[in-house]
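Chains H, R and C, in that order, give the protein sequences. Quick note, this note's numbering runs 41 ahead of the 1-based positions in the first sequence. Quick note, this note's numbering runs 9 ahead of the 1-based positions in the second sequence. Quick note, this note's numbering runs 35 ahead of the 1-based positions in the third sequence. Just so you know, even glycine gets a beta-carbon here, dropped at the ideal spot from N, CA and C. Notes for the one structure printed next.
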Amino acid sequence: MIQRTDRDIDQELVVRAQAGDKRAFELLVVKYQRRVARLLSRLIRDQNEIEDVSQESFIKAYRALPSFRGESAFYTWLYRIAINTAKNHLSTLGRRPQLLADYEDEEGESLDAAAQIPDYHTPETELSNRQIVSTVNAVVDELPSELRTAITLREMEGLSYEDIAAVMNCPIGTVRSRIFRAREAIADKLRPLLDIVGRDKRW
Amino acid sequence: MKEKLSALMDGELDVSEIDGLLAEMKRKPELSNAWYDWHQASDSLQEHPLLSPQFMQRFSARLAEEPTVVAPQRLKRSSVMKKLLVPLTAAASIAFVGVAVWQSNTVLNIAPSMVAVQSNHKVVAKAPAVRAYLAAHSQESGNVLAERDIVYANFGTETVR
Amino acid sequence: MSDLLDRLKPLVLCISLFLPVSAWAGSELNNSDAAILINRMVAAAKQADFQGTFMHQHGDSTETFRIVHVGSELLEIERRESLDGPRREYVRKGDQISIYLPSKRPVSLDRRFSSKLFPQHLPETAEAVLLNYKLKKLGMERVAGLNAQVFELEPRDVFRFPMRLWMHTDSGLILKSERLGPYSQPVELFVFSNLVLGKFDRALLNPVNPLRPVVVESNQGVASSPVEPLWQIEHLPRGFRFLKSIQRTLLGKEMPVVQHLYSDGLVTVSVFLEPAVAEVKEAASHQSAMHMYVRQIDGKMVTVLGEVPADAVKAFAYAFNPRK
Numbered sequence: 042m043i044q045r046t047d048r049d050i051d052q053e054l055v056v057r058a059q060a061g062d063k064r065a066f067e068l069l070v071v072k073y074q075r076r077v078a079r080l081l082s083r084l085i086r087d088q089n090e091i092e093d094v095s096q097e098s099f100i101k102a103y104r105a106l107p108s109f110r111g112e113s114a115f116y117t118w119l120y121r122i123a124i125n126t127a128k129n130h131l132s133t134l135g136r137r138p139q140l141l142a143d144y145e146d147e148e149g150e151s152l153d154a155a156a157q158i159p160d161y162h163t164p165e166t167e168l169s170n171r172q173i174v175s176t177v178n179a180v181v182d183e184l185p186s187e188l189r190t191a192i193t194l195r196e197m198e199g200l201s202y203e204d205i206a207a208v209m210n211c212p213i214g215t216v217r218s219r220i221f222r223a224r225e226a227i228a229d230k231l232r233p234l235l236d237i238v239g240r241d242k243r244w
Numbered sequence: 010m011k012e013k014l015s016a017l018m019d020g021e022l023d024v025s026e027i028d029g030l031l032a033e034m035k036r037k038p039e040l041s042n043a044w045y046d047w048h049q050a051s052d053s054l055q056e057h058p059l060l061s062p063q064f065m066q067r068f069s070a071r072l073a074e075e076p077t078v079v080a081p082q083r084l085k086r087s088s089v090m091k092k093l094l095v096p097l098t099a100a101a102s103i104a105f106v107g108v109a110v111w112q113s114n115t116v117l118n119i120a121p122s123m124v125a126v127q128s129n130h131k132v133v134a135k136a137p138a139v140r141a142y143l144a145a146h147s148q149e150s151g152n153v154l155a156e157r158d159i160v161y162a163n164f165g166t167e168t169v170r
Numbered sequence: 036m037s038d039l040l041d042r043l044k045p046l047v048l049c050i051s052l053f054l055p056v057s058a059w060a061g062s063e064l065n066n067s068d069a070a071i072l073i074n075r076m077v078a079a080a081k082q083a084d085f086q087g088t089f090m091h092q093h094g095d096s097t098e099t100f101r102i103v104h105v106g107s108e109l110l111e112i113e114r115r116e117s118l119d120g121p122r123r124e125y126v127r128k129g130d131q132i133s134i135y136l137p138s139k140r141p142v143s144l145d146r147r148f149s150s151k152l153f154p155q156h157l158p159e160t161a162e163a164v165l166l167n168y169k170l171k172k173l174g175m176e177r178v179a180g181l182n183a184q185v186f187e188l189e190p191r192d193v194f195r196f197p198m199r200l201w202m203h204t205d206s207g208l209i210l211k212s213e214r215l216g217p218y219s220q221p222v223e224l225f226v227f228s229n230l231v232l233g234k235f236d237r238a239l240l241n242p243v244n245p246l247r248p249v250v251v252e253s254n255q256g257v258a259s260s261p262v263e264p265l266w267q268i269e270h271l272p273r274g275f276r277f278l279k280s281i282q283r284t285l286l287g288k289e290m291p292v293v294q295h296l297y298s299d300g301l302v303t304v305s306v307f308l309e310p311a312v313a314e315v316k317e318a319a320s321h322q323s324a325m326h327m328y329v330r331q332i333d334g335k336m337v338t339v340l341g342e343v344p345a346d347a348v349k350a351f352a353y354a355f356n357p358r359k
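Right under this line is the structure:
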């Protein structure tokens, strides 16, 4: 789910990326990498292919930045680029799609049979996902209750700091600090699990 | 600084502080790593798939080879989804919590015990929550897939009369 | 000269058909033509085989879903799946519905809504809609690479907001729908980003998550008007039909609240009735298209909520008065 606050922060980062700040764009990629991968995983089966096409989509989005004017949310625009990239990728794999004149999109590209690929549901990736998910959930459950409530209302319910402050009956500054502390606590427990590349390097 | 990054992630950082923070991120890897880790945790809570650990490294390398885009422009504020905070009578907002989204422009004569006035004229009252009504209303819209306001969906018994 | 004009006319017509929708004043269709079109849209959603992805924007959030639908066979089957956000899945076989939702809370669904998800927005009978809206043709646009005729359901009175529909010219399927708010801005949007019509691999109908069944309330025997011992109900705004009433407990309240639901065929309005616990000033407010009205009278409180204009929620609020 994309929230109003997502649109605000995305706009800020996009503006800076458009002004030449590549790092700002990278922050957006870090934010949306898994969402895009998930979108593509319904069209592409192979995990490596999914990652390649995801990366390609982000590169295409970067190149297309000058044409993004904020008329839609960044994610919506990105999502369209990802779907198109996936379509093109699949058609270059040699599938001969049923071409019907009706099914050309605005750029004149033909809609191929990408969406007709049966949905693959790979048990292995599902399992490792579930392990991470249950670990994160376990860590959240073990947080002190005010941190747990704050991070849950923010991440799962998408409430703004203001709304959380109203629900928890505390000042907004306290909400901000609780969410930060919850994030740090979760990240500390999660890091060893995720086999992250050496900590001295960025990412 | 890290706490500011957390606020940025939620879109709750003051706009004037963003440039300073982004500059700091370039100097301090721990800030970039925090951005990465926190999104990983958040995505896991939402059950998004895992990616290989080198995904971002590979991507950064590719991006570094791309010609830098420089196309500054004024982004149009989208007219879709704009929040309209115009109460027809200001008192409505006084009655309910969650009122920040139903904003009042003027503060009315309300008994002090009922109202906690904050700065910039947003009024929060200790009274029933608007969100509870919104949740009950949207629950009956028939679209089970779009259920939001789940925090208030703690309904007790529901009986059709 | 007139020869030249004659030759230019089709060109002008052609160009003008592809003007942006906002540039069009629109021409109203008479009721029987309108009914034919609406019925076509309803039938297409039920009978066509199709699969695709669509986006749902409402208020602050944007979500994308995948949908597959079979209607050409004896049993109508559809499967929907969230492509982002919390994992959700919905499968309907005829009247039987199963879901996968993150919360374990039991879910029940009113039968009248069970097959009214996009693109099956419209009620069964065109007459129900045309009582409250007129159908105007606005122009042509392309959506998801397909040609669509754009229509507007324009309210016949001040109690509702307009809705725009993009109908695929070939199949009659609704490709995009937009509900407008008080300033003619879109407040809820459904739009296909890609759509393929025709037969597809049946494997796509298989769920990917463990589903649990949903209780579909038949609502047979529910009164067509509310049984309300505590309140007198008179002069409801025209065009709204009583759906049902529910008693529920809301978070933060000690006493249960009664919720009445009304619908005009496209949109629902909730009226909440309860004893007043604190002094509340009568008030109206709104956020985007969602309007709210609160009225306290004789120790009781009425709260009205719906994506309808201020006049409508106020009229509802005044239609309810405690019995002496």
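Who does residue i pair with in a DSSP beta bridge?
i, result
"ARG115(C)", "ILE102(C) and TYR125(C)"
"HIS321(C)", "HIS326(C)"
"ALA183(C)", "GLU176(C) and HIS203(C)"
"PHE225(C)", "HIS91(C) and SER212(C)"
"ASP145(C)", "GLU252(C)"
"GLN267(C)", "ASN356(C)"
Name the chain H residues whose beta carbon is nearer than 7 Å to that of residue i?
i, result
"LEU54(R)", "VAL177, GLU196 and MET197"
"ALA80(R)", "GLN59, LEU106 and PRO107"
Of all the CB atoms in chain R, is at least one closer than 8 Å to the CB of residue i?
i, result
"LEU173(C)", "no"
"TYR202(H)", "yes"
"ASP299(C)", "no"
"ASP346(C)", "no"
"PRO185(H)", "no"
"VAL94(H)", "no"
I need the DSSP call for residue i, collapsed to helix, strand or coil.
i, result
"LEU246(C)", "coil"
"THR97(C)", "strand"
"MET10(R)", "coil"
"TYR218(C)", "coil"
"GLY274(C)", "coil"
"GLU67(H)", "helix"
"LYS72(H)", "helix"
"SER133(C)", "strand"
"MET197(H)", "coil"
"ILE281(C)", "strand"
"PRO233(H)", "helix"
Can you find a C-beta in chain H that's less than 8 Å from the C-beta of residue i?
i, result
"HIS48(R)", "yes"
"ALA16(R)", "yes"
"LEU118(C)", "yes"
"GLU75(R)", "yes"
"THR97(C)", "yes"
"ASP19(R)", "yes"
"GLU33(R)", "no"
"MET10(R)", "no"
Who are the neighbours of residue i on chain C, taking C-beta pairs under 8 Å?
i, result
"TYR45(R)", "Here the premise fails: no neighbours, minimum Cβ distance about 20 Å."
State yes or no: is the C-beta of residue i nearer than 7 Å to some heavy atom of the ligand HEM?
i, result
"GLU176(C)", "Among the ligands in the structure shown, none appear at all, so the ligand HEM cannot be discussed."
Quick one: is residue i near chain C, going by C-beta distance under 8 Å?
i, result
"LEU59(R)", "no"
"LEU80(H)", "yes"
"PHE50(H)", "It should be pointed out that residue 50(H) corresponds to Ile in this sequence rather than to Phe. Answer no: the Cβ-Cβ gap between ILE50(H) and chain C never drops below 8 Å."
"ALA286(H)", "This structure cannot settle anything about residue 286(H), because the visible part of chain H is limited to 42 through 244."
Against residue i, what residues of chain R qualify as contacts under a CB-to-CB distance less than 9 Å, listed in chain order?
i, result
"SER228(C)", "Correct list: empty, because the minimum Cβ distance to chain R is about 16 Å."
"ILE100(H)", "PHE68, ARG71, LEU72 and GLU75"
Using the beta-carbon of each residue, which ones in chain C are nearer than 7 Å to residue i?
i, result
"ARG76(H)", "ASP119"
"GLY29(R)", "Simply none; closest approach about 28 Å."
In chain R, which residues lie with their C-beta within 7 Å of the C-beta of residue i?
i, result
"LYS72(H)", "HIS48"
"PRO233(H)", "By Cβ distance, chain R contributes nothing, its closest Cβ being about 12 Å from PRO233(H), past 7 Å."
List, in chain order, every chain H residue whose beta-carbon is nearer than 9 Å to that of residue i.
i, result
"MET90(C)", "THR117 and TYR120"
(request) Evaluate contact between the region 60–73 of chain C and the region 89–97 of chain H, counting only Cβ atoms and requiring at least three cross-stretch pairs below 8 Å. (result) Cβ pair count under 8 Å is below three, so no.
(message) I want to know whether the region 298–308 of chain C touches the region 272–284 of chain C - three or more CB-CB distances under 8 Å.
(response) The region 298–308 of chain C, when compared against the region 272–284 of chain C, does touch it at the 8 Å Cβ threshold.
(request) Tell me, please, whether the region 60–70 of chain R touches the region 50–57 of chain H by the rule of three or more beta-carbon pairs shorter than 8 Å. (result) For the pair of segments examined, the region 60–70 of chain R was found not to touch the region 50–57 of chain H: the number of CB pairs separated by less than 8 Å stays below three.
(message) Check whether the region 95–108 of chain C and the region 176–191 of chain C touch, using three or more Cβ-Cβ pairs below 8 Å as the test.
(response) Taking 8 Å as the limit for Cβ pairs, the verdict is that the region 176–191 of chain C does not touch the region 95–108 of chain C.
(message) Can you confirm whether the region 29–37 of chain R touches the region 56–67 of chain H when touching is taken to mean that 3 or more C-beta pairs between the two stretches lie within less than 8 Å?
(response) Yes: the two stretches touch, three or more of their Cβ pairs being nearer than 8 Å.
(message) Using a Cβ distance threshold of 8 Å, determine whether the region 244–255 of chain C contacts the region 320–332 of chain C, with at least three qualifying pairs required.
(response) Contact fails: fewer than three Cβ-Cβ distances are below 8 Å.
(message) Three or more C-beta pairs under 8 Å: does that hold for the region 188–203 of chain C against the region 151–169 of chain C?
(response) Taking 8 Å as the limit for Cβ pairs, the verdict is that the region 151–169 of chain C does touch the region 188–203 of chain C.
(message) Whether or not the region 72–82 of chain R and the region 36–50 of chain R are in contact is what I'm after, with contact meaning three or more pairs of Cβ atoms, one per stretch, closer than 8 Å; do they touch?
(response) They do not touch, by the three-pair rule.
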